[in-house]
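In what follows, a structure is listed as structure tokens, so that the remarks can point back to it.
Residue numbers (our numbering): 499 to 976.
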């Protein structure tokens with residue numbers, strides 16, 4: 499969606515390639531890679547004279563024919579899978595696909611000795627900016643941090659020793675207070691409710707608390723290191739005189755991740771046999787840890803659930819945009835979607851949106867809309883957007899939203915929320931407002947039709963080896 503400006507089901511990623519169900523395999527929109535039915539942002543920019551580059555995560559196709567050079571990037575150094583070790587040991591994140599694959603300009607390469615992901619990708623982007631010369635440039639710095647496995651240089655981890663010893667709830671409330679003070683959330687909002695099925699901080703042993711705190715220390719270290727590298731890129735733009743002529747967008751790709759990689763195919767056995775997750779080794783290159791559902795809910799507070807769910811905790815993500823000549827420091831609460839990045843950048847560059855046929859092939863129209871009206875408080879108040887992944891589904895129309903989550907994360911049937919009155923989705927209005935629910939379900943049917951959605955069933959996901967179970971120290975949500 500980020501690079502195509504359209505829905506993932508049209509662009510070929512209706513589901514993750516590794517988790518396609520039997521009903522989805524071979525169907526249009528479920529190719530498992532970025533298909534030819536979309537024109538990409540770098541492709542259109544390159545066709546209009548831009549130097550285009552990417553460093554970091556790709557995960558849109560594994561072969562040379564599906565690599566960044568084939569989709570519009572002049573220069574590229576990417577990881578083709580969804581994640582990998584952040585150090586130089588070359589391991590991926592799934593036991594059935596254990597070797598990380600890296601491509602430089604479409605050709606397979608190995609990571610250099612001393613590699614650390616965020617440092618290396620920032621170095622590459624700085625080189626690409628310099629190589630653009632006098633041409634306008636578009637570069638995509640796709641950090642793999644802070645995706646698990648949580649790993650960071652010791653010097654960064656040391657900075658956060660003891661910071662999270664107070665535990666889940668204390669940190670959650672501290673963050674809520676700070677967000678209210680900054681105007682990021684309303685003062686009336688309460689924090690999201692922890693999952694009762696999982697142990698609270700008070701129920702953990704001293705050793706378990708120590709381990710849980712260390713996980714967050716490493717996570718914070720990864721974010722700190724990433725921030726340092728963003729600063730390096732920004733400083734380089736300033737030093738070369740390009741900063742005041744460059745649009746910079748920083749964003750996360752989803753809500754915080756409370757999932758457990760142990761539920762991925764064969765991962766539990768692989769992690770146990772291949773890694774040293776002792777307390778002293780947490781965060782180093784031969785460790786494989788994640789921070790789990792309780793810290794995930796701290797990170798998404800005050801919103802419910804996390805990455806992989808179409809709840810607000812899974813959908814809302816931070817974003818920072820700098821525009822030449824614009825005053826800084828403003829907070830904008832309008833609704834924007836990742837599909838909006840491509841049309842926004844094209845408008846800023848003065849380039850027409852691609853239309854079909856494009857370079858001899860049929861393509862889908864861009865579904866995203868420019869963010870510029872919304873930045874000036876002129877957004878479409880009745881915009882309709884849908885989501886579906888793993889059978890979890892949602893549609894938003896203006897302030898109204900319907901959501902479908904399987905048990906135990908939801909009731910297994912459609913719920914209705916008014917986000918203007920209830921931004922944290924605590925009050926289901928489906929029974930109280932059946933006509934509004936019916937109206938929203940019409941929008942859902944149109945979303946399925948327009949985008950060729952084949953919703954997955956949780957039972958089908960289990961058949962391909964993916965479990966929806968979330969566990970912590972022997973207690974599980976399942």
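Cβ coordinates follow ideal geometry from the N, Cα and C atoms, glycine included.
Coil, strand or helix - residue i by DSSP
{"i": "residue 556", "result": "coil"}
{"i": "residue 899", "result": "strand"}
{"i": "residue 945", "result": "helix"}
{"i": "residue 523", "result": "coil"}
{"i": "residue 842", "result": "helix"}
{"i": "residue 609", "result": "coil"}
{"i": "residue 857", "result": "coil"}
{"i": "residue 550", "result": "strand"}
{"i": "residue 829", "result": "coil"}
{"i": "residue 752", "result": "coil"}
{"i": "residue 504", "result": "coil"}
{"i": "residue 655", "result": "helix"}
{"i": "residue 575", "result": "strand"}
{"i": "residue 957", "result": "helix"}
{"i": "residue 798", "result": "helix"}
{"i": "residue 975", "result": "strand"}
{"i": "residue 569", "result": "helix"}
{"i": "residue 669", "result": "helix"}
{"i": "residue 892", "result": "strand"}
{"i": "residue 849", "result": "coil"}
{"i": "residue 769", "result": "helix"}
{"i": "residue 817", "result": "strand"}
{"i": "residue 639", "result": "strand"}
{"i": "residue 935", "result": "helix"}
{"i": "residue 928", "result": "coil"}
{"i": "residue 791", "result": "helix"}
{"i": "residue 515", "result": "helix"}
Chain-order list of residues whose beta-carbon lies under 6 Å from that of residue i (same chain, five-residue window excluded)
{"i": "residue 918", "result": "897"}
{"i": "residue 949", "result": "505, 507 and 508"}
{"i": "residue 543", "result": "550 and 636"}
{"i": "residue 856", "result": "537"}
{"i": "residue 580", "result": "557"}
{"i": "residue 796", "result": "666, 669 and 670"}
{"i": "residue 735", "result": "741 and 744"}
{"i": "residue 820", "result": "746"}
Host beta strand (DSSP E) of residue i (start-end)
{"i": "residue 712", "result": "Segment 704-737 is the alpha helix (DSSP H) holding residue 712; no beta strand (DSSP E) there."}
{"i": "residue 601", "result": "600-602"}
{"i": "residue 882", "result": "882-887"}
{"i": "residue 618", "result": "It is not in any beta strand (DSSP E) - residue 618 instead sits in the alpha helix (DSSP H) that spans 615-629."}
{"i": "residue 650", "result": "Counting along the chain, residue 650 falls outside any beta strand (DSSP E), and DSSP gives it neither H nor E."}
{"i": "residue 968", "result": "968-970"}
Given residue i as reference, the closest of the options once Cα atoms are compared
{"i": "residue 767", "options": "516, 593 and 540", "result": "593"}
{"i": "residue 973", "options": "790, 942 and 602", "result": "790"}
{"i": "residue 591", "options": "947, 924, 926 and 764", "result": "764"}
{"i": "residue 640", "options": "625, 630 and 616", "result": "616"}
{"i": "residue 826", "options": "900, 742 and 688", "result": "742"}
{"i": "residue 933", "options": "900, 727 and 946", "result": "900"}
{"i": "residue 853", "options": "517, 535, 514 and 633", "result": "535"}
{"i": "residue 926", "options": "940, 937, 675 and 909", "result": "909"}
{"i": "residue 567", "options": "520, 601 and 597", "result": "601"}
{"i": "residue 868", "options": "832, 975 and 884", "result": "832"}
{"i": "residue 589", "options": "850, 572, 608 and 527", "result": "608"}
{"i": "residue 726", "options": "517, 515, 621 and 798", "result": "621"}
{"i": "residue 683", "options": "947, 966 and 922", "result": "922"}
{"i": "residue 577", "options": "583, 561, 554 and 562", "result": "554"}
Cβ separation of residue i and residue j, assumed to be a contact under 8 Å, to the nearest whole Å
{"i": "residue 928", "j": "residue 913", "result": "6 Å"}
{"i": "residue 951", "j": "residue 507", "result": "5 Å"}
{"i": "residue 658", "j": "residue 754", "result": "Not a contact, Cβ separation roughly 17 Å."}
{"i": "residue 722", "j": "residue 815", "result": "Not quite, the Cβ-Cβ distance comes to about 19 Å (not below 8 Å), so this is no contact."}
{"i": "residue 756", "j": "residue 678", "result": "That pair is no contact at about 23 Å."}
{"i": "residue 841", "j": "residue 818", "result": "Wrong, their Cβ atoms sit about 19 Å apart, outside the cutoff."}
{"i": "residue 780", "j": "residue 673", "result": "Not quite, the Cβ-Cβ distance comes to about 22 Å (not below 8 Å), so this is no contact."}
{"i": "residue 761", "j": "residue 971", "result": "Contact doesn't hold; Cβ gap of about 16 Å is too wide."}
Sequence-distant residues of its chain with Cβ nearer than 7 Å to residue i (five each side left out)
{"i": "residue 953", "result": "886, 889 and 891"}
{"i": "residue 611", "result": "586"}
{"i": "residue 773", "result": "784, 785 and 786"}
{"i": "residue 715", "result": "655, 658, 659, 661 and 662"}
{"i": "residue 807", "result": "890, 903 and 907"}
{"i": "residue 708", "result": "777"}
Residue i - containing alpha helix (DSSP H), residue span
{"i": "residue 589", "result": "Segment 589-592 is the beta strand (DSSP E) holding residue 589; no alpha helix (DSSP H) there."}
{"i": "residue 1052", "result": "One cannot answer for residue 1052 here, as it falls past the ends of the chain, which runs 499 to 976."}
{"i": "residue 689", "result": "Neither: residue 689 is in no alpha helix (DSSP H) and is coded neither H nor E."}
{"i": "residue 596", "result": "Careful: residue 596 lies outside any alpha helix (DSSP H), inside the beta strand (DSSP E) at 595-597."}
{"i": "residue 533", "result": "Per DSSP, residue 533 belongs to no alpha helix (DSSP H) and is neither H nor E."}
{"i": "residue 913", "result": "Segment 913-916 is the beta strand (DSSP E) holding residue 913; no alpha helix (DSSP H) there."}
{"i": "residue 870", "result": "870-873"}
Beta-carbon proximity list for residue i, same chain, < 8 Å, skipping 5 on both sides
{"i": "residue 532", "result": "501, 502, 509, 510, 511, 538, 558, 559, 564 and 569"}
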